[in-house]
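Numbering (numbering that gives the first Met the number 0), first residue to last: 0 to 110. Think of the CB as a built atom: it goes at the ideal place given N, C-alpha and C, for glycine as much as any other residue. Data first, discussion second: the structure below is written as structure tokens.
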Amino acid sequence: MSFFNSDVVRAEMAEISELQEEVYNNVFKFPTLSKDDQKYHVDVLEKLLDKQKVMYTRLSLSEDPEAKEMKKRIVESASMFGLPQGVDMNLLFNDMTQAVGLMKDQIDKTP
Numbered sequence: 000m001s002f003f004n005s006d007v008v009r010a011e012m013a014e015i016s017e018l019q020e021e022v023y024n025n026v027f028k029f030p031t032l033s034k035d036d037q038k039y040h041v042d043v044l045e046k047l048l049d050k051q052k053v054m055y056t057r058l059s060l061s062e063d064p065e066a067k068e069m070k071k072r073i074v075e076s077a078s079m080f081g082l083p084q085g086v087d088m089n090l091l092f093n094d095m096t097q098a099v100g101l102m103k104d105q106i107d108k109t110p
């Protein structure tokens, strides 16, 4: 069975897409959102990162040619955003998760 024919993978991809859309729809409004809405937005972002990390791990473990190609495109996209070639994507996900944690702390500190 192809990697992308798996019901689990397809459901996860659909959820990632929905979460991405929700994050993108609010990213520019973030500074004007209420504190509760900012917390919610950051929680959605954290959930998105977790799901992306799991999906990347699945892609990395798969022998399916389509999964390997998608992983390659993710790495290439990261390079287009200025990340060095060969960067460990798991380190990137961990750094992004820490940044989200800092965002949460900042929101909590804001009166």
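Item, Value
"If you follow the alpha helix (DSSP H) that residue 111 is in, where does it begin and where does it stop?", "The displayed coordinates of the chain run from 0 to 110. Any statement about residue 111 would go beyond what the structure contains."
"For residue 101, count neighbouring Cβ atoms within 10 angstroms of its own Cβ and tell me buried if that reaches 16, exposed if not.", "exposed"
"Counting along the chain, where does the alpha helix (DSSP H) carrying residue 78 start and finish?", "64–79"
"Looking at C-beta atoms only, is the number of pairs between the region 49–67 and the region 15–27 that lie closer than 8 Å three or more?", "yes"
"Consult DSSP for residue 26 and reduce its assignment to one of helix, strand or coil.", "coil"
"Looking at residue 28 and residue 106, is the spacing between their C-beta atoms short of 8 Å?", "no"
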